[in-house]
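Number of protein chains: 2
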Amino acid sequence: MRDHRVRNMEEFAALSGLSRPTVSKYFNDPGSVRRSTREKIEQALERYDFRPNIYAVNQNRRSTKTLGIVVPFLADPFFSEIARTIERMCIDAGFRPILFGSHGDAGVEVENLENLRVLKPAGVLMAPLGRLSDRPTIEAFCADVPTVLFDSRIEDLGEAFVGSNNEQSIGMIVEYLCRTGDAPTFFEMRTPANPNAGKRRRAYEKAMARLGFEPRIVHAEGQGWEIEEIGYREGLRALSDRLFATDTVLCSNDRLAIGLLAAAYEKGVEVGRHERCAMRVAGHDDHPYARFTCPQLTTVAQDYEAIAEMSLTSLLDRIDREERSQTTSITLFDGRLVMRESA
Amino acid sequence: MRDHRVRNMEEFAALSGLSRPTVSKYFNDPGSVRRSTREKIEQALERYDFRPNIYAVNQNRRSTKTLGIVVPFLADPFFSEIARTIERMCIDAGFRPILFGSHGDAGVEVENLENLRVLKPAGVLMAPLGRLSDRPTIEAFCADVPTVLFDSRIEDLGEAFVGSNNEQSIGMIVEYLCRTGDAPTFFEMRTPANPNAGKRRRAYEKAMARLGFEPRIVHAEGQGWEIEEIGYREGLRALSDRLFATDTVLCSNDRLAIGLLAAAYEKGVEVGRHERCAMRVAGHDDHPYARFTCPQLTTVAQDYEAIAEMSLTSLLDRIDREERSQTTSITLFDGRLVMRESA
DNA sequence: AAAAAATATTGACGCGTGTAAATTTTTTTC
DNA sequence: GAAAAAAATTTACACGCGTCAATATTTTTT
Numbered sequence: 113m114r115d116h117r118v119r120n121m122e123e124f125a126a127l128s129g130l131s132r133p134t135v136s137k138y139f140n141d142p143g144s145v146r147r148s149t150r151e152k153i154e155q156a157l158e159r160y161d162f163r164p165n166i167y168a169v170n171q172n173r174r175s176t177k178t179l180g181i182v183v184p185f186l187a188d189p190f191f192s193e194i195a196r197t198i199e200r201m202c203i204d205a206g207f208r209p210i211l212f213g214s215h216g217d218a219g220v221e222v223e224n225l226e227n228l229r230v231l232k233p234a235g236v237l238m239a240p241l242g243r244l245s246d247r248p249t250i251e252a253f254c255a256d257v258p259t260v261l262f263d264s265r266i267e268d269l270g271e272a273f274v275g276s277n278n279e280q281s282i283g284m285i286v287e288y289l290c291r292t293g294d295a296p297t298f299f300e301m302r303t304p305a306n307p308n309a310g311k312r313r314r315a316y317e318k319a320m321a322r323l324g325f326e327p328r329i330v331h332a333e334g335q336g337w338e339i340e341e342i343g344y345r346e347g348l349r350a351l352s353d354r355l356f357a358t359d360t361v362l363c364s365n366d367r368l369a370i371g372l373l374a375a376a377y378e379k380g381v382e383v384g385r386h387e388r389c390a391m392r393v394a395g396h397d398d399h400p401y402a403r404f405t406c407p408q409l410t411t412v413a414q415d416y417e418a419i420a421e422m423s424l425t426s427l428l429d430r431i432d433r434e435e436r437s438q439t440t441s442i443t444l445f446d447g448r449l450v451m452r453e454s455a
Numbered sequence: 113m114r115d116h117r118v119r120n121m122e123e124f125a126a127l128s129g130l131s132r133p134t135v136s137k138y139f140n141d142p143g144s145v146r147r148s149t150r151e152k153i154e155q156a157l158e159r160y161d162f163r164p165n166i167y168a169v170n171q172n173r174r175s176t177k178t179l180g181i182v183v184p185f186l187a188d189p190f191f192s193e194i195a196r197t198i199e200r201m202c203i204d205a206g207f208r209p210i211l212f213g214s215h216g217d218a219g220v221e222v223e224n225l226e227n228l229r230v231l232k233p234a235g236v237l238m239a240p241l242g243r244l245s246d247r248p249t250i251e252a253f254c255a256d257v258p259t260v261l262f263d264s265r266i267e268d269l270g271e272a273f274v275g276s277n278n279e280q281s282i283g284m285i286v287e288y289l290c291r292t293g294d295a296p297t298f299f300e301m302r303t304p305a306n307p308n309a310g311k312r313r314r315a316y317e318k319a320m321a322r323l324g325f326e327p328r329i330v331h332a333e334g335q336g337w338e339i340e341e342i343g344y345r346e347g348l349r350a351l352s353d354r355l356f357a358t359d360t361v362l363c364s365n366d367r368l369a370i371g372l373l374a375a376a377y378e379k380g381v382e383v384g385r386h387e388r389c390a391m392r393v394a395g396h397d398d399h400p401y402a403r404f405t406c407p408q409l410t411t412v413a414q415d416y417e418a419i420a421e422m423s424l425t426s427l428l429d430r431i432d433r434e435e436r437s438q439t440t441s442i443t444l445f446d447g448r449l450v451m452r453e454s455a
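Shown next, in the form of structure tokens:
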């Protein structure tokens, strides 16, 4: 049991009865040494619990076996969930994930990339802020480090992009809403940070046109990532001023819908798909809290797992091939309708 | 502008017209070199943007200027918020924060500590899982690395503990509820992961006794961090079976309250402090979503900033003094009553 | 049992920086 | 302007590990 502290690999090799290069070989790939040798090392490992100095290791390896993960906002459950999924997969793939949240701030996003640069990661998985992101910085970063973007696409950047198929998912929910009641009015932020917002609006317009309805859009004013607050405040206003043209509202995302539902409740406007209800509300993303809104929110679930897995696979693929690709491949996953009480 | 890549400090020193040791001195403390020297370096820095290799640096320094932050669950807004606050403060203090979330899993928490050990951080700020945490592992870690615990206390561990004063905050809200209506029934998980839960229950009992009421407790069955789900499911059951002895319910935390409010809504039980309402519900923590529940949740706000700042200050203090303290100092911050519609 | 193949060892160098001692240069003080 | 103090330079070693070439040993094949 843990006899004494082992200073370095030299000492540990001696304790194992082996030479340092052999032990080094083992740590880089346990399968590359003879079985009897491996057993010797693992036996010693149990007694002395030695771990190679990561700083010395990374100084000499070309690739550091660390992967950066950058998300715009850790407090947003979508990103904390997806980060968690990616982290786990990284570890299973033999990499060391390191997580950065940008707090919705472009300056912090740039800082995060600078910090990552210093860490010389093998690759980076990044969900950019979107419209607010400093494109030149990200471009320069992508040129130096293999980077896969997810969730928010930035035109022509990154080795690959993985996201959700807004056209499909919005089309699907618009169709559902039209089929079961009034055609939806679209509720979105006027100047959303996330580029998915624009795609969703266009998908809404397209779906409405296809179904023969006039698209109607209500814009919420306000900036930043306090999206529920904006949905609430602007929802109150829209309800007071009767801005919603129909009794059905499709929100650009669940966080906006959460705010709107709070506003409707406060106004005494009953929301739901039943006869007596005055209004239907739907969202997009299947936010973890969508099950606990009043009423429970009908929405579209994104495939977290698939997005995480595809992002990582694409990145590891690029890292393995050790060549930078000129084109950015794009993968989009379909959403799944989640029917609850609100619409 | 960015003429060419600078390989190392030797080369950069030559480009600055200085010797490497002097440049090294500058990077460790810009104030330690003559002003004219500093200007030379900063001028060169603008042209060549060199940054010392962090791996080579950390191999030789005793302390690594990185600070670990470990939280039990990044998807929980309380922790993502407090992590963000601490991160910012770390950077301002000249340290490099590195964030780990344990996903509510004791195994991951242990992994996080192991990974941190490898990184040889100057210190660690940790909110443990609580009851689920593997005490021996954390104890061994605290013995090796200066660690300050926050939020969840583990008896006799860490250089310091910073948390909230549950006795004060629960006492305050119990008093408020008793003054304005029925005395509250306490709603909590039977086997909560977080040790604050136990403190809150005892504080509730104490406050009720002080005010001359019989304490009444309803237990929610269920394990893990899906607290809203448990609150919802068990809330439904409690409402169906009329388990709440009074018309006022004080939840052990906001996440449980969010679930209970969803259950009440579904049951058609009107919640609020107005005449016509059948029930009052209060929470604890001032969760970011407490403003968007239906109705908005009356709760107790914890002082994020104060907890973050105090934790970091305590840690930096211990790091500076370069000595391990025998006693763990305890700091608790008072909560602030946040009155909204639900109670 | 001998030959061939696989694996381990020895010894050495390099990575980029921290750091210390001795020396030289620059700045400050009187 | 000389002496004292402060700062920079030179030189050298250390950190812990990756990696290579040459050699020795073990294992597998014939």
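Chains as they are written, first to last, in my numbering: chain A, 113 to 455; chain B, 113 to 455. The beta carbon of each residue, even a glycine, is placed where N, CA and C say it ideally should be. Keep in mind that this is a model prediction, so the values were computed, not measured.
For residue i versus residue j, is the C-beta distance shorter than 8 Å?
{"i": "Glu-251(A)", "j": "Leu-269(A)", "result": "yes"}
{"i": "Pro-285(A)", "j": "Leu-444(A)", "result": "Checking the sequence, you will find Ile at residue 285(A) rather than Pro. It is not a contact, given that the beta carbons lie outside the stated cut-off."}
{"i": "Thr-410(A)", "j": "Ala-394(A)", "result": "yes"}
{"i": "Ala-332(A)", "j": "Glu-300(A)", "result": "yes"}
{"i": "Ile-166(B)", "j": "Val-230(A)", "result": "yes"}
{"i": "Ile-419(B)", "j": "Ser-276(B)", "result": "yes"}
{"i": "Thr-360(A)", "j": "Gly-293(A)", "result": "yes"}
{"i": "Gly-216(B)", "j": "Gly-336(B)", "result": "yes"}
{"i": "Ser-214(A)", "j": "Val-169(A)", "result": "no"}
{"i": "Ala-305(B)", "j": "Leu-368(B)", "result": "no"}
Would you tell me roughly how many angstroms separate the C-alpha atoms of residue i and residue j, rounded to the nearest one?
{"i": "Asn-224(A)", "j": "Leu-261(A)", "result": "15 Å"}
{"i": "Ile-342(A)", "j": "Asn-365(B)", "result": "25 Å"}
{"i": "Asp-246(B)", "j": "Phe-253(A)", "result": "40 Å"}
{"i": "Leu-157(A)", "j": "Thr-178(B)", "result": "27 Å"}
{"i": "Val-145(A)", "j": "Leu-127(B)", "result": "45 Å"}
{"i": "Gln-438(B)", "j": "Glu-271(B)", "result": "8 Å"}
{"i": "Ala-125(A)", "j": "Gln-155(A)", "result": "12 Å"}
{"i": "Glu-453(B)", "j": "Pro-407(B)", "result": "6 Å"}
{"i": "Pro-133(A)", "j": "Glu-338(A)", "result": "54 Å"}
{"i": "Asp-263(A)", "j": "Asp-397(A)", "result": "11 Å"}
{"i": "Leu-348(A)", "j": "Met-391(A)", "result": "14 Å"}
{"i": "Gly-380(A)", "j": "Arg-403(B)", "result": "17 Å"}
{"i": "Val-235(A)", "j": "Arg-159(B)", "result": "The sequence shown places Gly at residue 235(A), rather than the Val named in the question. Gly-235(A) and Arg-159(B): Cα-Cα distance of roughly 27 Å."}
{"i": "Glu-417(A)", "j": "Asn-308(A)", "result": "19 Å"}
{"i": "Glu-122(A)", "j": "Ser-131(A)", "result": "8 Å"}
{"i": "Glu-382(A)", "j": "Lys-232(B)", "result": "56 Å"}
So residue i is in the alpha helix (DSSP H); what residue range does that whole segment cover?
{"i": "Val-260(B)", "result": "It is not in any alpha helix (DSSP H) - Val-260(B) instead sits in the beta strand (DSSP E) that spans 259–262."}
{"i": "Cys-363(A)", "result": "It is not in any alpha helix (DSSP H) - Cys-363(A) instead sits in the beta strand (DSSP E) that spans 360–363."}
{"i": "Thr-292(B)", "result": "278–292"}
Who are the neighbours of residue i on chain A, taking C-beta pairs under 9 Å?
{"i": "Pro-184(B)", "result": "Here the premise fails: no neighbours, minimum Cβ distance about 12 Å."}
Taking CB distances under 8 Å as the criterion, tell me whether residue i reaches chain B.
{"i": "Gly-213(A)", "result": "yes"}
{"i": "Leu-231(A)", "result": "yes"}
{"i": "Arg-247(A)", "result": "no"}
{"i": "Arg-119(A)", "result": "no"}
{"i": "Asn-278(A)", "result": "no"}
{"i": "Tyr-401(A)", "result": "yes"}
{"i": "Asn-227(A)", "result": "yes"}
{"i": "Ile-210(A)", "result": "yes"}
{"i": "Arg-150(A)", "result": "no"}
{"i": "Arg-163(A)", "result": "yes"}
{"i": "Met-113(A)", "result": "In this prediction, Met-113(A) scores a pLDDT of 43, lower than 50, which makes its location untrustworthy; the coordinate-derived value is nonetheless stated afterwards. No, no contact with chain B."}
Please compile the residues from chain A whose C-beta is within a distance smaller than 7 Å of the C-beta of residue i.
{"i": "Phe-404(B)", "result": "Glu-340, Tyr-344, Ile-370, Gly-371, Ala-374"}
{"i": "Tyr-167(B)", "result": "Tyr-167, Asn-170, Gln-171"}
Residue i versus chain B: which residues are under 8 Å apart at the beta carbon?
{"i": "Pro-407(A)", "result": "Tyr-377, Glu-378"}
{"i": "Arg-196(A)", "result": "Leu-186, Ala-187, Gly-213, His-215"}
Ends of the beta strand (DSSP E) at residue i?
{"i": "Gly-213(B)", "result": "208–213"}
{"i": "Phe-185(B)", "result": "Unbroken run through Phe-185(B): none, as it is neither H nor E."}
List, in chain order, every chain A residue whose beta-carbon is nearer than 8 Å to that of residue i.
{"i": "Glu-193(B)", "result": "Ala-187"}
Any beta carbon from chain A within less than 8 Å of residue i's own beta carbon?
{"i": "Arg-457(B)", "result": "Outside the shown range of chain B (113 to 455) lies residue 457(B), about which nothing can therefore be said."}
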